[in-house]
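Just below is one structure, and these are the notes that go with it.
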Amino acid sequence: MDTLIVDRRDGVVTVTMNRPERKNAINWAMLQALQDVLVEVEVRRDDRVLVLGGAGGAFSSGADLGDPEGLTGDPDAPALVAMRRLGDAALALHRLSKPTIAKVDGVAVGAGLSLAVGCDLVVASERARFSAIFARRGLSLDFGASWLLPRLIGLARAKEVALFGDIFDVARADALGLVNRVVPVDELDGFADDWARQLAAGPPLALSMTKTLLNDAMSSSMSEALENEARCQAVNFGSRDTTEAMAAFVEKREPRFSGR
């Protein structure tokens with residue numbers, strides 16, 4: 024776990040990528056550790072929100088292509104095997120049923136960009152920079168970028184971002200719709216922590232199902248979406264959390280959600 028720092032407080036799991044000397048480039052050890060943490064967060068009831076950031080004033084410079092051990096720990100592994108390992112981690116992030124927040128300072132490029140926008144919410148500092156830099160390295164998109172970018176910013180803009188591979192500032196990222204909030208550098212930690220604590224205090228079942236409904240929306244018809252909503256709402260109405268929320272409303276107090 025040397026490549027990641029994991030901190031748990033009050034339902035918030037803060038994961039910090041910890042290779043500042045490489046601008047938190049993703050090597051095989053970090054990739055494996057990240058996937059392990061994502062699986063662990065999924066099954067731990069007390070883990071309600073994940074916040075992902077980077078050490079040393081950078082989010083992530085992407086996959087560490089200079090690592091002699093590659094993305095599998097085996098330098099002789101076929102490229103397809105290595106890329107599937109990368110894909111497994113991206114899918115684990117996407118499948119995580121709990122809210123995720125990317126806390127972006129400095130660069131988020133290549134797989135680092137994919138990792139950031141693969142989170143549910145993106146909070147960025149005023150000095151954050153972004154790039155789908157793959158084409159400039161003779162590569163095509165990976166870590167889910169080909170799926171994420173068109174859904175987030177539309178097909179035409181996704182093609183512009185991907186085909187040119189330009190590095191752009193946070194104002195451009197905001198205009199494109201890649202980030203939710205832009206804050207001063209010294210307010211980044213506090214803002215992300217505030218959002219995380221609000222989500223951690225929310226109803227876990229309802230938030231999880233809301234996230235799933237929205238993730239599935241682009242591939243669902245209206246009738247399918249309504250049926251999915253009905254099923255999720257039926258689960259909510261049978262939960263202790265909804266009973267607690269109704270009681271708290273009547274009693275004019277804040278609800279205390281248990282995830283049951």
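Using our numbering, you'd call the opening residue of the sequence shown number 24 and step up by one each time.
Where is the CB? At the ideal position from N, CA and C, for every residue including glycine.
With fewer than three CB-CB distances shorter than 8 Å, the segment 194 to 201 does not count as touching the segment 160 to 171.
Taking the CA atoms as reference points, S137 sits about 42 Å from K275. Runs of the beta strand (DSSP E) spanning 3 or more residues and lying entirely within the segment 71 to 99 occur at 72 to 77, in chain order. Per DSSP, F153 lies in no alpha helix (DSSP H) segment; the continuous beta strand (DSSP E) that holds it begins and ends at R152 to S154. Nearest C-alpha to A105 among A52, L119, V130 and S154: A52.
One thing to note: L27 has its Cβ within 9 Å of the Cβ of V60. Selection N47, A125 and R108 evaluated against D87 yields N47 as nearest (Cα-Cα). Of all C-beta pairs linking the segment 98 to 115 to the segment 146 to 160, fewer than three are shorter than 8 Å, placing the two stretches out of contact.
For the 9 Å CB-CB criterion, L211 and S148 form a contact. Around the beta carbon of R254, fewer than 16 other beta carbons lie within 10 angstroms, which makes this residue exposed. In terms of CA proximity to R279, Q221 leads the group R32, Q221 and R42. Nearest neighbour of V127 by Cα position, chosen from L201, W170 and A223, turns out to be L201. Spatial neighbours of P91 in its own chain (CB-CB distance under 7 Å, excluding positions within 5 residues in sequence) are listed in chain order as P98.
Relative to A229, the option among N203, V273 and S281 whose CA is nearest is S281. Look at A48 here: in three-state DSSP terms it is coil, with no helix or strand label. When DSSP assignments are scanned along the segment 95 to 129, the uninterrupted stretches of beta strand (DSSP E) that are 3 or more residues long and fall wholly within it turn out to be 123 to 127. Close CB contacts of T37 within its chain, under the 6 Å cut and outside five residues either way in sequence, are with D30 and V74 (chain order). By the beta-carbon neighbour count (other beta carbons within 10 angstroms, threshold 16), F260 is exposed. For the pair A139 and S84, the Cα-to-Cα distance works out to about 11 Å. In this structure T266 is exposed. Its beta-carbon is surrounded by fewer than 16 other beta-carbon atoms within 10 angstroms.
Residue range L27 to R32 is occupied by the beta strand (DSSP E) that includes D30.
According to the DSSP assignment, V202 belongs to no alpha helix (DSSP H), since it is labelled neither H nor E.
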